[in-house]
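Participant: As numbered in this note's numbering, residues 7 to 92 make up the sequence shown, in order. From the three backbone atoms N, C-alpha and C, an ideal C-beta is built for every residue, glycine too. These numbers were taken from a predicted model, which means no experiment stands behind them.
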Amino acid sequence: MYSARMKITFDPVKNERNIRERGLPFHLVEGFDWDSALVEEDARKPYQETRYVTIGFIGGRLFVVILLRQMKAFASSVFARRTSVR
Numbered sequence: 007m008y009s010a011r012m013k014i015t016f017d018p019v020k021n022e023r024n025i026r027e028r029g030l031p032f033h034l035v036e037g038f039d040w041d042s043a044l045v046e047e048d049a050r051k052p053y054q055e056t057r058y059v060t061i062g063f064i065g066g067r068l069f070v071v072i073l074l075r076q077m078k079a080f081a082s083s084v085f086a087r088r089t090s091v092r
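1. When DSSP builds the beta bridges, which residues end up paired with residue 53?
2. At the level of alpha carbons, what is the spacing between residue 58 and residue 67?
3. Count the other C-beta atoms from every protein chain shown that fall within 10 angstroms of the C-beta of residue 60, then say buried if there are 16 or more, exposed otherwise.
4. Excluding five sequence neighbours on each side, which residues of the same chain lie with their C-beta closer than 7 Å to the C-beta of residue 23?
5. Using only alpha-carbon positions, find the residue among 18, 53 and 49 that is nearest to residue 30.
Put into structure tokens, the structure is as follows:
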């Protein structure tokens, strides 16, 4: 099992938009359970940065988090959404 502490940074404007649209501040990612997370590179289209779709738990609830890899370290959570069962 590999678990690394990463520096989480984000754009304050995107954070405010995510709070407004989804009620989720990006700082919640600090409580993300990396040990049980599923991580896959987001190859849906050619992004300028390497992006990862990450599915895992924060406080017992399932979330999807998109991460960007910047300057050889994961540095930015750009999207967080609660999952919903339909």
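Facilitator: Once the coordinates are examined:
1. In DSSP, residue 53 forms no bridge with anything.
2. 19 Å
3. buried
4. none
5. 18
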